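Under this note's numbering, the first residue of the sequence shown carries the number 839, and numbering increases by one thereafter.
Where a beta carbon is used, it is the ideal one built from N, C-alpha and C, also for glycine.
Nothing here was measured: the structure is a model prediction, and the numbers come from that model.
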Amino acid sequence: MSAEKIFDQAKDFLPILGIDYIEFYVGNAKQSAFFYKTALGFESEAYSGLETGDNSKVSYVIRQEKIRFVLTSSYVKNSEINEHYLAHGDGVKVVAFLVEDSKKSYDETIRRGAKSYLEPTKSEDKDGFIIQSGIYTYGETVHLFIERKNYNGVFLPGFKELENTYSPDPIGLKYVDHVVGNVGWNEMDKWCSFYRDVLGFTQIVSFDDNDISTEYTALMSKVMSNGNGRVKFPINEPAEGLNKSQIEEYLDFYNGPGVQHLALATDDIIMTVSEMKNRGIEFLYVPETYYDDLTDRVGDIVEDVELLRKNGILIDRDDDGYLLQIFTKPLVDRPTIFFEIIQRRGANSFGKGNFKALFLAIEREQRNRGTL
Ligand code: FE2
């Protein structure tokens, strides 16, 4: 390891070991869990609710490889969960980081200006203890710092293992590649500074409206990454176009900033996507002409272009290799959160060469919704 690397690590005041889980506040956790299991091949991991002594809320924890989702609903009328649900519909509340030291993570970020969501809190049962703490990020979204090195139980204290009586086959999803946030007009730089100054992230990419505008829709985007590169957060803001930007549509329906999409990585995108289609997931449609000049644009690729065309999978190349990606339609009633499925073959970028084709596809959907 080079001296520079050692110095960098010593400088990293917030070493993040990875994304521990992503929690959605939803209207009906049981049915959401069923949806993600059925359509995306997640497995049940844990549960808390009435049966475990929680009279206020219910959570289903589901998992596929390194991706863990928590789906949470409220039993009671007046609760933080229901207020969130009323304002935003089903959406991401928590992006939780796995850390070595939750209190230190909290203290360091609060000292640098973060707004507190949860002070360091210890919870324990017969399997050990967990320390959790949390700070706000954009909108009502929060980051939790989860320290679980002294815990051997299932998920968190208070949860019980959930028996997997219903287990659809997994579809090859491996880990969360990136989490994208939409923020308000002219707020991108503010939130990039937040990730830089408060969490110690660095900016790795920037797109402006010349890169990614069509006649109608425009946005700006910067990608922030933590020190070890395990956590990447692109941040989008709307930009002026002839008509309403997709980011603006999101902000209207979500009632403010929030998580726009989760990119989930696979090693076999053709299998993953065709399986999702078989199970009823809808994707953005890209015209067949997209594939006509594909080889000129991206050079040689391993995959069968016919299969990519059949599944509507997009390809982009950068200096390090190429990537394959596809975007679902919104996964909930409101035109808010969606998923990206991504397979990286060397490329470390985000598919800039596909933005135009994608935005034209999103505009077709916006036109159908009457929100363009
Ligand atoms: Fe993405």
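query, result
"Checking 8 Å against the spacing of the C-beta atoms, do I1179 and T1110 come in under that value?", "yes"
"Among all the DSSP beta bridges, which residues are the ones paired with T1104?", "L1011"
"Would you tell me roughly how many angstroms separate the C-alpha atoms of Y1088 and R1172, rounded to the nearest one?", "8 Å"
"Is D928 buried or exposed, if buried means 16 or more other CB atoms sit within 10 Å of its CB?", "buried"
"Would you mind working out which of K895, V937, I860 sits nearest R901, comparing C-alpha positions?", "I860"
"Select from E1201, K1194, I1164, D1156 the residue whose C-alpha is nearest the C-alpha of G828.", "The structure shown does not extend to residue 828, since the chain is modelled only from 839 to 1210, so the question has no answer here."
"Going along the chain, which residues of its own chain have a beta-carbon closer than 6 Å to the beta-carbon of S897, five neighbours each way excluded?", "S886, V908, T910"
"Whether or not the stretch 1017-1024 and the stretch 947-962 are in contact is what I'm after, with contact meaning three or more pairs of Cβ atoms, one per stretch, closer than 8 Å; do they touch?", "no"
"Grouping DSSP H, G and I as helix and E and B as strand, with all else coil, what is F845?", "With a pLDDT of 44 at F845, under the threshold of 50, the predicted position of this residue should be treated as unreliable, though the coordinate-derived value follows. Of the three classes helix, strand and coil, the one that applies to F845 here is helix, per DSSP."
"Pick from L1000, E978, Y955: whose alpha carbon is nearest that of K868?", "L1000"
"Taking 7 Å as the cut-off, is the CB of F1188 close to at least one heavy atom of the ligand FE2?", "yes"
"At a cut of 8 Å, does the stretch 969-988 reach the stretch 929-940 through at least three beta carbon pairs?", "yes"
"Determine the DSSP secondary structure at K942, reduced to helix, strand or coil.", "helix"
"Have a look at R1117, M1114, A1103, L1152 and flag the residue whose alpha-carbon is nearest the alpha-carbon of T1127.", "L1152"
"List in chain order: all unbroken beta strand (DSSP E) runs of 3+ residues lying wholly within the stretch 1119-1196.", "1152-1156, 1159-1165, 1176-1183"
"Could you tell me the alpha carbon to alpha carbon distance between K1194 and L1102, rounded to whole angstroms?", "21 Å"
"Start and end of the alpha helix (DSSP H) containing D963?", "First-last for D963: 954-963, but that is the beta strand (DSSP E), not the alpha helix (DSSP H)."
"Any contact between the stretch 850-858 and the stretch 1031-1039? By contact I mean 3 or more CB pairs, one from each, below 8 Å.", "yes"
"Check this for me: beta carbons of P958 and T876, under 8 Å apart or not?", "no"
"Using the three-state DSSP reduction, which class does F873 fall into: helix, strand or coil?", "helix"
"Name the one or two DSSP bridge partners that N893 has.", "Paired residue(s): none; N893 is not in a bridge."
"Which residue's Cα is closest to the Cα of M1026: D1138, Y976, D1105?", "Y976"
"Pull the bridge partners of G929 from the DSSP assignment, please.", "Y863"
"How would you call N1192, buried or exposed, if buried means at least 16 neighbouring beta carbons within 10 angstroms?", "buried"
"Between E1120 and A1077, what straight-line distance do the alpha-carbon atoms span, to the nearest angstrom?", "27 Å"
"Taking the C-alpha atoms as reference points, what is the distance between Y1129 and R1147?", "7 Å"
"Give me every residue whose Cβ sits closer than 5 Å to any heavy atom of the ligand FE2, in chain order.", "A1101, E1178"
"Tell me the rounded alpha-carbon separation between E842 and V1069.", "Residue confidence for E842 is low, a pLDDT of 42 falling below 50, so the modelled location carries little weight; the figure read from the coordinates is stated next. Taking the straight line joining both Cα atoms gives about 21 Å."
"Could you check what DSSP says for L924 in three-state terms: helix, strand or coil?", "helix"
"Taking the DSSP output, what are the residues bridged to G856?", "L936"
"So what does DSSP say about G1005, is it helix, strand or coil?", "This sequence places Ser at residue 1005; Gly is not what is there. Of the three classes helix, strand and coil, the one that applies to S1005 here is coil, per DSSP."
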